[in-house]
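Okay, so here's the structure we're looking at.
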Amino acid sequence: MTAVVSAFIVAGYLYRTRQSGLYPLPPGPKKLPLVGNLFDMPSSYSWKVWAEWGKTYDSDILHLDVAGKPMIILNSYESAKELLERRSAIYSSRPGSVMLAELSGFGFQFGMMPYGEKWRVRRRLFKKYFNSSNVLIHQLQEAKYVPQFLHQLLERPTEFVSLISHLTDSISLSMTYGIDIRPKDDPNLQIARLAGQTIQECLTAGSTLVDMLPAMKYLPEWFPGGGFQKVAAKSRVRAGQLRDGLFNESRELWSTRTRPMPCFVSLCLENCQDGLDEEQITSFKDVAGNVYMAATDTTSAVLQTFILAMTYYPEIQKRAQEEIDHVIGKDRLPAHTDAPYLPYFSAIVKEVLRWQPIVPSGVAHKTTAPDVYKGYYIPEGTMVTANAWAMLNNEADYPEPRKFRPERFLTPDGQLRSDNGIRDPVNIAFGFGRRICPGLHIGLSVLWSTAASLLTVFDIEKALDAGGHPIEPSCEYTSGAISYPLPFDCTIKPRSRDAVQLVQDLVESLNGH
Numbered sequence: 404m405t406a407v408v409s410a411f412i413v414a415g416y417l418y419r420t421r422q423s424g425l426y427p428l429p430p431g432p433k434k435l436p437l438v439g440n441l442f443d444m445p446s447s448y449s450w451k452v453w454a455e456w457g458k459t460y461d462s463d464i465l466h467l468d469v470a471g472k473p474m475i476i477l478n479s480y481e482s483a484k485e486l487l488e489r490r491s492a493i494y495s496s497r498p499g500s501v502m503l504a505e506l507s508g509f510g511f512q513f514g515m516m517p518y519g520e521k522w523r524v525r526r527r528l529f530k531k532y533f534n535s536s537n538v539l540i541h542q543l544q545e546a547k548y549v550p551q552f553l554h555q556l557l558e559r560p561t562e563f564v565s566l567i568s569h570l571t572d573s574i575s576l577s578m579t580y581g582i583d584i585r586p587k588d589d590p591n592l593q594i595a596r597l598a599g600q601t602i603q604e605c606l607t608a609g610s611t612l613v614d615m616l617p618a619m620k621y622l623p624e625w626f627p628g629g630g631f632q633k634v635a636a637k638s639r640v641r642a643g644q645l646r647d648g649l650f651n652e653s654r655e656l657w658s659t660r661t662r663p664m665p666c667f668v669s670l671c672l673e674n675c676q677d678g679l680d681e682e683q684i685t686s687f688k689d690v691a692g693n694v695y696m697a698a699t700d701t702t703s704a705v706l707q708t709f710i711l712a713m714t715y716y717p718e719i720q721k722r723a724q725e726e727i728d729h730v731i732g733k734d735r736l737p738a739h740t741d742a743p744y745l746p747y748f749s750a751i752v753k754e755v756l757r758w759q760p761i762v763p764s765g766v767a768h769k770t771t772a773p774d775v776y777k778g779y780y781i782p783e784g785t786m787v788t789a790n791a792w793a794m795l796n797n798e799a800d801y802p803e804p805r806k807f808r809p810e811r812f813l814t815p816d817g818q819l820r821s822d823n824g825i826r827d828p829v830n831i832a833f834g835f836g837r838r839i840c841p842g843l844h845i846g847l848s849v850l851w852s853t854a855a856s857l858l859t860v861f862d863i864e865k866a867l868d869a870g871g872h873p874i875e876p877s878c879e880y881t882s883g884a885i886s887y888p889l890p891f892d893c894t895i896k897p898r899s900r901d902a903v904q905l906v907q908d909l910v911e912s913l914n915g916h
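Position in the sequence shown counted from 1, then plus 403, gives you my numbering.
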């Protein structure tokens, strides 16, 4: 295996070229012959390591050479804004993943596609039906599934993590395919979750190596180092079940007119009454399959962070509940129209996004032309990563960044500050430029309505040990592309009998009783 890898590295080194002209590359760790910084790459929590490197080299822009592949780390908002937004014409492609895009069958996700017409067609299609003015397509699902989530939480409060996942999965699949999701053991949900699990398997099954050394994709499964091919084969089956199977079921529902709510697939089909060609169907399938994969894990992770923050900071939770009670009362759940009158709660939502960014290392861009920035040369084909964690923990922008302080987003009279007063975490947490998350308004909507409803109905408290003493949650996170809180205990209980009755009445109303 070692000999095979070495051969690929040497081959890559012999064929790669770099023309930096008169400009130096940005600073970074010392490179070794052939492999560059391959052995410097962090095995975990890369975003924290990159932030420390920025301090070590006194630069907000760093350069790495990963076995011949150039990589730039951006540790400041200013640099990310300049390169990924103002110069987006050459910073909007994606590096591409051999494992995910070519071998595993998940190349249909337009968020992973290189910049070009195929990506533009799918992005336009997404924005046409999921634009911020078309709130009906997701708020109808929130109104249905959030009360169901609250009801399940009354019955199984210790299962809050799995219930959050069920909520976000249900909203995503329902608004995309118009498929009604069962409270338990839903087969369509199982298809979607298996697809998500398979992506994680792909990311840990040699994908890093085959992405750095693409020629390895030709290795047979039985060859030393070719074990990732077995994972890829299983992945292709599950990707097809997600992309094709769910679309076909949704299309059948639409054709028989049994779908009760609007969804992405039905709206696409209704606007193509004159007939569909294969290219249109392919685009519809691609975008629909992408919506689930892009939305559920991130929204689930940020809701878990919200519960962790409320557990760890009970005084903040109490103040938010007092605001909600004063504005909303106790006989209904908060609605999005209430947001302007709930500035403290809205500040909590912003602080949740800042305190523990869910995609801390950002999603990598790729340059399509060489560039010069701050006197440094950036080669064509460079992978450019915006370190969201470093930006959202910048002490100049957010004093005492490791403290959860919603009031940083409030004026002295308790109103939300404008972006001129403090940088809005939304402008960092969801990416930059032409590659900013197109569904950010949906994620924010689900986060806001679910979190506000939780505080209306429940008290979230620290769990107690055998001696009756509060258990402090660790506030530690996983080290993946999407960063989740490590498992923690808390006690979730209804605030009153009236709160229980409110949830029961809502669920009965939804069920037609």
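For every residue, glycine included, the Cβ atom is placed at its ideal position computed from N, Cα and C.
Burial state of Thr561 is exposed, judged by a 10 Å Cβ sphere holding fewer than 16 other Cβ atoms. Under the three-state reduction of DSSP output, Lys472 falls in the strand class. Secondary structure note for Glu726: it is in no beta strand (DSSP E), and the uninterrupted alpha helix (DSSP H) holding it is 717-731.
In this structure, Thr579 is the residue among Glu505, Arg497, Thr579, Pro802 with its C-alpha nearest to the C-alpha of Pro665. Cβ-Cβ distances below 6 angstroms link Gly692 to Phe511, Leu645, Arg646 in the same chain, with the five nearest sequence neighbours on each side left out; the list follows chain order.
Judged by pairs of C-beta atoms under 8 angstroms, the segment 722-731 does not touch the segment 695-709, as fewer than three such pairs exist. In this structure Asn790 is buried. Its beta-carbon is surrounded by 16 or more other beta-carbon atoms within 10 angstroms. If the five residues before and after Pro897 are omitted, its C-beta is found closer than 7 angstroms to the C-beta atoms of Leu557, Val860, Phe861, Val903, all from its own chain and listed in chain order.
Of the candidates Tyr426, Leu441, Ala454, Ala454 places its Cα closest to the Cα of Asn796.
By the criterion of at least three beta-carbon pairs nearer than 8 angstroms, the segment 435-446 is in contact with the segment 465-476. Less than 9 angstroms separates the beta-carbon of Phe835 from that of Leu487. Contact between Arg820 and Asp800 does not hold, since the beta-carbon distance rounds to 12 angstroms and is not under 8 angstroms.
At a Cβ-Cβ threshold of 9 angstroms, Leu813 and Pro746 count as neighbours. Inter-segment contact for the segment 840-857 and the segment 735-754 is present: three or more beta-carbon pairs are separated by less than 8 angstroms.
Residue pairing by DSSP places Ala789 opposite Leu477 in a beta bridge. For Thr685, the closest alpha carbon among the candidates Gly915, Gly630, Val524 is that of Val524.
The straight-line gap separating the alpha-carbon atoms of Tyr460 and Gly431 is approximately 7 angstroms.
Sorting Trp851, Val564, Asn591, Pro550 by C-alpha distance to the C-alpha of Val906 places Pro550 at the top. The beta carbon of Tyr715 sits closer than 6 angstroms to the beta carbons of Pro876 from its chain, once the five residues preceding and following it are set aside; these are given in chain order.
For Ile574, the enclosing alpha helix (DSSP H) stretches over residues 563-580. For the segment 755-835, the continuous beta strand (DSSP E) assignments of 3+ residues that do not extend past its boundaries occur at 774-776, 779-781, 786-789, in sequence order. The three-state reading of DSSP puts Glu864 in strand, counting E and B together. Under the three-state reduction of DSSP, Ile895 is assigned to strand.
Excluding the 5 residues flanking it on each side, His541 has same chain C-beta neighbours closer than 8 angstroms at Phe533, Ile574, Met578, Ile845, Ser848, Val849, in chain order. His569 counts as buried, since at least 16 other C-beta atoms from the protein chains shown sit within 10 angstroms of its C-beta. If you draw a straight line from the Cα of Asp908 to the Cα of Trp758, it is about 35 angstroms long. Uninterrupted alpha helix (DSSP H) stretches at least 4 residues long and entirely within the segment 657-689 occur at 667-673, given in chain order. By the criterion of a C-beta distance shorter than 8 angstroms, Gln632 is surrounded in its chain by Leu506, Leu622, Pro623, Glu624, once the five residues flanking it on both sides are discounted. Taking all protein chains in view, the Cβ of Arg559 is surrounded by fewer than 16 other Cβ atoms within 10 Å, so the residue is classified as exposed. DSSP places Tyr880 in the strand class (E or B) of the three-state scheme.
The residue among Glu485, Ala492, Tyr518 with its C-alpha nearest the C-alpha of Pro498 is Tyr518.
Counting along the chain, Leu913 sits inside the alpha helix (DSSP H) bounded by residues 900-913.
Between the alpha carbons of Glu545 and Ser852 lies a distance of about 8 angstroms. When secondary structure is reduced to three states using DSSP, Gly629 falls in the coil class, being assigned neither helix nor strand.
A straight-line Cα-Cα distance of about 8 angstroms links Ser496 and Met516.
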